[in-house]
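**Student:** Counting along the sequence shown from 1, when you hit position 122 you're at 134 in our numbering, and nothing is skipped either side. Please read through the structure below; I'll follow up with questions.
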Amino acid sequence: MLECIVTKFGGSSLANDEQFRKVRSILELEPTRRYLVPSAPGKRYPTDDKVTDLLYACHARASSGEPFEDLFVKIRERYLSIAQQLHLKVDIQSALEEVHAGIGGGKSRDWCASRGEYLCGLLMADYLGWRFLDAAEGIRFREDGTLDAEKTQELLSGLLKDGESTVVPGFYGAREDGEVVTFSRGGSDITGALVARAVNADVYENWTDVSGFLMADPRIIDSPAEISSITYKELRELSHMGASVLHEDAMFPVHRAGIPTNIRNTNKPYHPGTLISKNAPNEVSVPTITGIAGHKGYSVISVEKNMMNSEVGFGRKVLSVLEEYGISFEHMPTGIDSMCVVVSSEQLNPHREEILARLEKLVEGSGAISVNDNMSIIATVGRGMVHNCGTAARLFSAMSRARINVRMIDQGSSELSIIVGVNDSDFEATIHAIYHEFVG
Ligand code: ASP
13 MLECIVTKFG GSSLANDEQF RKVRSILELE PTRRYLVPSA PGKRYPTDDK VTDLLYACHA
73 RASSGEPFED LFVKIRERYL SIAQQLHLKV DIQSALEEVH AGIGGGKSRD WCASRGEYLC
133 GLLMADYLGW RFLDAAEGIR FREDGTLDAE KTQELLSGLL KDGESTVVPG FYGAREDGEV
193 VTFSRGGSDI TGALVARAVN ADVYENWTDV SGFLMADPRI IDSPAEISSI TYKELRELSH
253 MGASVLHEDA MFPVHRAGIP TNIRNTNKPY HPGTLISKNA PNEVSVPTIT GIAGHKGYSV
313 ISVEKNMMNS EVGFGRKVLS VLEEYGISFE HMPTGIDSMC VVVSSEQLNP HREEILARLE
373 KLVEGSGAIS VNDNMSIIAT VGRGMVHNCG TAARLFSAMS RARINVRMID QGSSELSIIV
433 GVNDSDFEAT IHAIYHEFVG
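Take a look at the structure:
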């Protein structure tokens with residue numbers, strides 16, 4: 013029996029009174045679900061507004077002296093209708109008027125945006141009969157706007173130590189002086205992870221509108237298989253390559269504390285979703301690959317220089333040129349007298365000429381620099397690779413059967429992923445070839 017579960021519900025799970033009802037029945041199914049972190053109400057239908065977007069828009073209007081009433085009416089209507097439909101007692105009308113006055117009275121952009129979660133938390137606490145804890149009291153930001161994770165841990169664990177069922181609104185906290193600060197968009201995921209760490213939860217459940225992670229992008233592969241279990245390290249690799257369901261920063265607090273995260277679907281409450289954990293414990297059989305993700309739009313800078321291999325520090329000189337321009341490199345396959353640095357074209361292009369001129373200087377008289385654009389990088393990730401011989405052979409045979417030219421290969425010795433570089437025009441075909449080879 014689990015002792016304590018922290019739940020976070022995303023905007024679509026809280027979009028109207030019907031979704032609120034679903035949330036309550038999910039909590040009733042499992043009484044150890046004792047903490048709830050809500051987002052702000054999201055879209056009820058595809059063309060609907062997200063409350064957070066409306067709040068940002070109200071603030072933008074107010075700060076340029078324009079009226080924002082037509083937008084605020086929509087916000088007011090969202091909360092009032094939930095309160096009325098669920099017969100809630102909380103004085104949401106006055107809370108809404110305070111928000112209205114705050115926006116008109118020059119409150120900060122972060123404060124305005126955070127009110128979406130704040131108001132939603134007030135409604136939810138009333139509906140569940142739970143305590144409401146303002147996140148400004150428990151989540152601490154530094155003067156420079158970054159999260160103070162240690163102070164937050166101290167504050168939140170103190171405030172929640174009595175074990176009482178509590179709603180903590182997502183997305184924001186405050187500085188020491190009380191000034192409200194928000195995370196970046198989608199940041200309620202981080203709040204949930206911080207609460208889970210603070211109460212040392214057995215599981216952090218992140219409820220959304222999908223049944224977890226898919227093995228590949230559904231825009232490329234038709235109905236890809238679902239991932240039932242994944243490690244935090246694998247997820248880092250996949251999300252870095254663009255697969256996203258969870259805010260990237262939400263992984264650190266729970267990963268560090270050894271708390272698994274379970275992605276669940278509010279609209280399919282019995283679906284087990286995806287479990288993200290440190291070591292994917294108790295596995296009966298590990299699939300060879302866990303997921304595939306990739307990105308177009310990379311450039312490969314090839315640096316050739318005679319006797320490069322024996323020149324100690326040459327690689328550092330190349331990388332320090334990129335560093336000076338604030339460019340991070342993605343991969344760096346090397347040969348004896350050559351090295352390739354793969355960077356995002358978007359980062360390279362603004363300084364392309366200067367960077368290439370600097371690199372030319374480094375190899376002057378004994379080498380050459382060339383750049384190939386329009387390259388895609390595809391990561392095939394799987395903790396199962398380490399136990400399976402022949403994974404690389406299968407992957408490259410599948411690509412060769414599909415007549416795809418492999419332009420770059422990178423595999424770390426941890427054997428967690430195999431990275432391939434192909435022409436952008438082969439991007440989709442590569443994902444198809446790999447997926448069908450391993451998944452069928
Ligand atoms: N409401 C915020 C957003 O739309 C935060 C969140 O939902 O996680 O980005």
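Ideal Cβ placement from N, Cα and C applies to all residues, glycine included.
If I follow the unbroken alpha helix (DSSP H) through cysteine 70, where does it start and stop?
**Tutor:** Cysteine 70 -> alpha helix (DSSP H) spans 63-75.
**Student:** Contact defined as beta carbons within less than 8 Å: I believe lysine 20 pairs with tryptophan 142. What is the distance between those atoms, to the nearest angstrom?
**Tutor:** Rounded, the Cβ-Cβ distance is 15 Å, inconsistent with contact.
**Student:** State buried or exposed for methionine 263, treating a residue as buried only when at least 16 other CB atoms are found within 10 Å of its CB.
**Tutor:** With 16 or more other Cβ atoms within 10 Å, it is buried.
**Student:** Considering only the alpha carbon of each residue, which of Val330, Asn274, Gln105 and Asp146 lies closest to glycine 185?
**Tutor:** Among Val330, Asn274, Gln105 and Asp146, the Cα nearest to that of glycine 185 is on Asp146.
**Student:** Quick one, which of Val180, Asn212, Arg209 and Gly270 has its alpha-carbon nearest serine 200's?
**Tutor:** Of the listed residues, the one whose Cα sits closest to serine 200 is Val180.
**Student:** Cβ of threonine 346 within 6 Å of any heavy atom in the ligand ASP?
**Tutor:** False, no ligand heavy atom lies under 6 Å from that Cβ.
**Student:** Using three-state DSSP, classify valine 211 as helix, strand or coil.
**Tutor:** Coil.
**Student:** In three-state terms, what does DSSP make of serine 533?
**Tutor:** What is shown of the chain runs 13 to 452, which leaves residue 533 out entirely.
**Student:** Could you tell me which of Val315, Met420 and Ile389 sits nearest to arginine 370, measuring between CA atoms?
**Tutor:** With distances taken between Cα atoms, arginine 370 lies closest to Val315.
**Student:** Between Ser429, Ser378 and Gly54, which lies nearest to asparagine 400 when the distance is taken from Cα to Cα?
**Tutor:** Comparing Cα-Cα distances from asparagine 400 to each of Ser429, Ser378 and Gly54, the minimum goes to Ser429.
**Student:** For tyrosine 47, list the residues DSSP reports as bridge partners.
**Tutor:** According to DSSP, which records beta bridges pairwise, tyrosine 47 is partnered with Val18 and Thr178.
**Student:** For tryptophan 219, which beta-bridge partners are listed by DSSP?
**Tutor:** Tryptophan 219 pairs with Phe21 and Arg276.
**Student:** Determine which residues share a DSSP beta bridge with serine 412 and list them.
**Tutor:** In the DSSP output, where bridge partners are listed per residue, serine 412 has none listed.
**Student:** What does DSSP give as the partner residues of glutamine 105 in its beta bridges?
**Tutor:** Paired residue(s): none; glutamine 105 is not in a bridge.
**Student:** Does the Cβ of phenylalanine 21 lie closer than 6 Å to at least one heavy atom of the ligand ASP?
**Tutor:** For the ligand ASP, not one heavy atom lies less than 6 Å from the Cβ of phenylalanine 21.
**Student:** What residues in its chain sit with their C-beta under 8 Å from that of isoleucine 239, if we drop five residues either side in the sequence?
**Tutor:** Around isoleucine 239: Gly224, Phe225, Leu226, Met227, Thr286, Thr302 and Gly303.
**Student:** Report the residue from Glu449, Ser340, Ala52 and Leu134 whose alpha carbon sits nearest the alpha carbon of leucine 412.
**Tutor:** Checking the sequence shown, residue 412 turns out to be serine, not leucine. That would be Glu449, whose Cα lies nearest to the Cα of serine 412.
**Student:** State buried or exposed for threonine 178, treating a residue as buried only when at least 16 other CB atoms are found within 10 Å of its CB.
**Tutor:** With 16 or more Cβ atoms within 10 Å of its Cβ, threonine 178 is classed as buried.
**Student:** For glycine 199, is the beta carbon positioned less than 6 Å from some heavy atom of the ligand ASP?
**Tutor:** Correct: glycine 199 has its Cβ closer than 6 Å to the ligand ASP.
**Student:** Who does aspartate 422 pair with in a DSSP beta bridge?
**Tutor:** In DSSP, aspartate 422 forms a bridge with Ile431.
**Student:** Taking 6 Å as the cut-off, is the beta-carbon of phenylalanine 32 closer than that to any non-hydrogen atom of the ligand ASP?
**Tutor:** It does not: the Cβ of phenylalanine 32 is nowhere closer than 6 Å to a heavy atom of the ligand ASP.
**Student:** DSSP state of alanine 237, grouped into three classes?
**Tutor:** DSSP places alanine 237 in coil when its eight states are reduced to three.
**Student:** So glycine 128 is in the alpha helix (DSSP H); what residue range does that whole segment cover?
**Tutor:** Glycine 128 -> alpha helix (DSSP H) spans 121-140.
**Student:** Give me the residue from His259, Arg197, Ala269 and Val355 with the minimum Cα distance to tyrosine 68.
**Tutor:** Of His259, Arg197, Ala269 and Val355, the residue nearest in Cα terms is Arg197.
**Student:** Report the option in Glu89, Tyr447 and Val418 whose CA atom is closest to the CA atom of valine 434.
**Tutor:** Of the listed residues, the one whose Cα sits closest to valine 434 is Val418.
**Student:** With contact counted as at least three CB pairs below 8 Å, one residue from each stretch, are the stretch 314-328 and the stretch 252-271 in contact?
**Tutor:** Segments in contact, no.
**Student:** So which of Ala213, Ile367 and Ala237 has the shortest CA-CA distance to tyrosine 337?
**Tutor:** Tyrosine 337 has its Cα closest to that of Ile367, out of Ala213, Ile367 and Ala237.
**Student:** Less than 7 Å between the C-beta atoms of isoleucine 111 and arginine 90, yes or no?
**Tutor:** What sits at residue 111 in the sequence shown is valine, not isoleucine. Going by C-beta atoms, valine 111 is not nearer than 7 Å to arginine 90.
**Student:** Rounded to a whole number of angstroms, what is the C-alpha to C-alpha distance between tyrosine 57 and serine 426?
**Tutor:** The straight-line gap from Cα to Cα measures roughly 44 Å.
**Student:** Exposed or buried, what is glutamine 31 when buried is set at 16 or more other beta-carbons lying within 10 Å of its beta-carbon?
**Tutor:** By the neighbour-count rule (16 or more Cβ atoms within 10 Å), glutamine 31 is buried.
**Student:** Can the beta-carbon of isoleucine 115 be found closer than 7 Å to that of alanine 74?
**Tutor:** Closer than 7 Å, so yes.
**Student:** Based on the DSSP secondary-structure assignment, which residues constitute the bridge partners of methionine 351?
**Tutor:** Val315 and Thr346.
**Student:** I'd like the span of the beta strand (DSSP E) that includes threonine 392, first residue to last.
**Tutor:** Note, threonine 392: beta strand (DSSP E), 379-393.
**Student:** For the beta strand (DSSP E) containing leucine 287, list its first residue and its last residue.
**Tutor:** Residues 286-289.
**Student:** Can you confirm whether the stretch 381-390 touches the stretch 306-315 when touching is taken to mean that 3 or more C-beta pairs between the two stretches lie within less than 8 Å?
**Tutor:** Yes: at least three Cβ pairs fall under 8 Å.
**Student:** Does the Cβ of threonine 164 lie closer than 6 Å to at least one heavy atom of the ligand ASP?
**Tutor:** Threonine 164 Cβ: outside cutoff for every heavy atom of the ligand ASP.
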